[in-house]
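Numbering (the numbering used here), first residue to last: 52 to 445.
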């Protein structure tokens, strides 16, 4: 309604997994892009400007005479170095802020050094883009870091790679290049517990890494095996111990409500999180995304046990969706959803309100800025405790 003549294009994981459904459910959309969008969107804009034919643009879905038309799939971009740096000046960067506990300073910016993940975690939606790993050159990565600092005055960087240390030698080379150019900026990343070593973590710390987010998911080995995470709890402990000894803060991701989850398994995971003792935790209800292996696991289990509960992520449309239309949903097997929500809140409270945890965090404060940081982090955690998302039965 604000820009009635604008062409609206949807992309990303959801549009790539369900392009036809996305167009059907959102009549305001003109196009859905399946897969990586840089080249597709450029060609689409040129076609709309009369410099080509829309039907020749690979990787798009659109409406024509009441039908949804698709073009041939777009190949993945193999040479990431061929892409220009994002034109970040086109955005109101002052509106993009990081917040404690997951960020230190503003202005901040995110960037990627690679695309693709060869692992088969059942819950992950990244597989809709394919698993082929492609990496930018070390020099190109550090060139962009320098641009962020010099051109945009960025004070913190978040690497959004699926697994920043997937190639550990390359991760070390990036750190070496940062040190060689005498770049000093704090940065964080996400990776797997089986893709770090103590020497690599030490190098990352020297190069400015202050936080690593690790996906742990559960404290029960059988549930970790069920979702194809392919890690062992002993590896989890080692990675967190090494990170702690190196001086890098840690964020642990956990989920509750996996197929087969019981009250006992959740209790075990909560206790494991406290023994693991990361600096920060993130708890969530297991959401089954379309086009993921976990969706297929649940489709089989729901024939004999459990049920599907629709999940709203601040979208009124989620209430209207049903199984055939592939919604985002939560699977309820042994524990009712309201109880799962209580477990999530309890997990946060038991972790963050431990006297031992509070005391250890207070001991780390070295300045007024850090005091403000931890105070804001505490307020944000309170919002997490009581800001539960709406859930509706299907």
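Where a beta carbon is used, it is the ideal one built from N, C-alpha and C, also for glycine.
Kindly indicate which three-state DSSP category residue 65 falls into: helix, strand or coil? helix
Which residue's Cα is closest to the Cα of residue 317: 390, 344 and 71? 390
Who are the Cβ neighbours of residue 254 in its own chain at under 7 Å, not counting the five residues just before and after it? Cβ neighbours of residue 254 within its own chain (closer than 7 Å, five residues either side excluded): 223 and 226.
Would you call the segment 280-297 in contact with the segment 180-189, where contact means no fewer than 3 C-beta pairs closer than 8 Å? no
Give the secondary structure of residue 58 by DSSP, where H, G and I count as helix, E and B as strand, and everything else as coil. Residue state, collapsed to three classes: coil.
Determine the extent of the alpha helix (DSSP H) in which residue 71 is found, giving its start and end residues. 70-76
Uninterrupted alpha helix (DSSP H) stretches inside the segment 311-338 (no shorter than 4 residues): 314-327
Consult DSSP for residue 126 and reduce its assignment to one of helix, strand or coil. coil
Tell me which residue opens and which closes the alpha helix (DSSP H) that residue 394 is part of. 388-403
Start-to-end residues for the beta strand (DSSP E) that takes in residue 207: 207-210
Host alpha helix (DSSP H) of residue 307 (start-end): Segment 300-307 is the beta strand (DSSP E) holding residue 307; no alpha helix (DSSP H) there.
Can the beta-carbon of residue 132 be found closer than 8 Å to that of residue 188? yes
With 16 other CB atoms within 10 Å as the buried threshold, where does residue 314 fall? exposed
Residues bridged to residue 238 by DSSP? Looking at the DSSP assignment, residue 238 forms a beta bridge with 208 and 260.
List the DSSP bridge partners of residue 83. According to DSSP, which records beta bridges pairwise, residue 83 is partnered with 61 and 112.
Between which two residues does the beta strand (DSSP E) harbouring residue 90 extend? Residue 90 -> not in any beta strand (DSSP E); alpha helix (DSSP H) instead, spanning 89-99.
What span of residues does the beta strand (DSSP E) with residue 153 cover, start to end? DSSP places residue 153 in no beta strand (DSSP E); its state is neither H nor E.
To the nearest angstrom, report how far apart residue 280 and residue 125 are at their CA atoms. C-alpha separation (whole angstroms): 29 Å.
Inter-residue spacing [alpha-carbon to alpha-carbon] between residue 230 and residue 357: Taking the Cα positions, residue 230 is about 53 Å away from residue 357.
I need the straight-line Cα distance from residue 272 to residue 283, nearest angstrom please. Cα to Cα, the separation comes out at about 7 Å.
Can you tell me whether DSSP reads residue 170 as helix, strand or coil? coil
Contact belief for residue 252 with residue 299 at Cβ below 8 Å, rounded distance in angstroms: 6 Å
Taking the beta carbon of residue 217 as the centre, do at least 16 other beta carbons fall within 10 Å, making it buried, or is it exposed? buried
Residue 219 by DSSP, collapsed to three states: which one? helix
According to DSSP, which residues form a beta bridge with residue 383? Answer is 358.
Nearest-angstrom Cβ-Cβ length linking residue 339 and residue 349, presumed shorter than 8 Å: 5 Å
Could you compute how far the alpha carbon of residue 219 sits from the alpha carbon of residue 129? 20 Å
Which of helix, strand or coil DSSP assigns to residue 418: coil
What are the boundary residues of the alpha helix (DSSP H) that residue 348 is part of? 344-352
Could you compute how far the alpha carbon of residue 77 sits from the alpha carbon of residue 409? 46 Å
How about residue 89 and residue 54: are their beta carbons less than 8 Å apart? no
Cβ neighbours of residue 266 in the same chain (closer than 6 Å, five flanking residues each side left out): 304
Three-state secondary structure (DSSP) at residue 247? Three-state DSSP puts residue 247 in coil, outside helix and strand.
Cα separation between residue 164 and residue 211? 8 Å
If you compare alpha carbons, which of 208, 170, 107 and 169 is closest to residue 149? 208
For residue 237, I'd like the list of residues in its chain whose CB is within less than 6 Å of its CB, leaving aside the five on either flank, ordered along the chain. Listed in chain order, the non-local C-beta contacts of residue 237 below 6 Å within the same chain comprise 155, 207, 259 and 261, local neighbours out to five positions each way being set aside.
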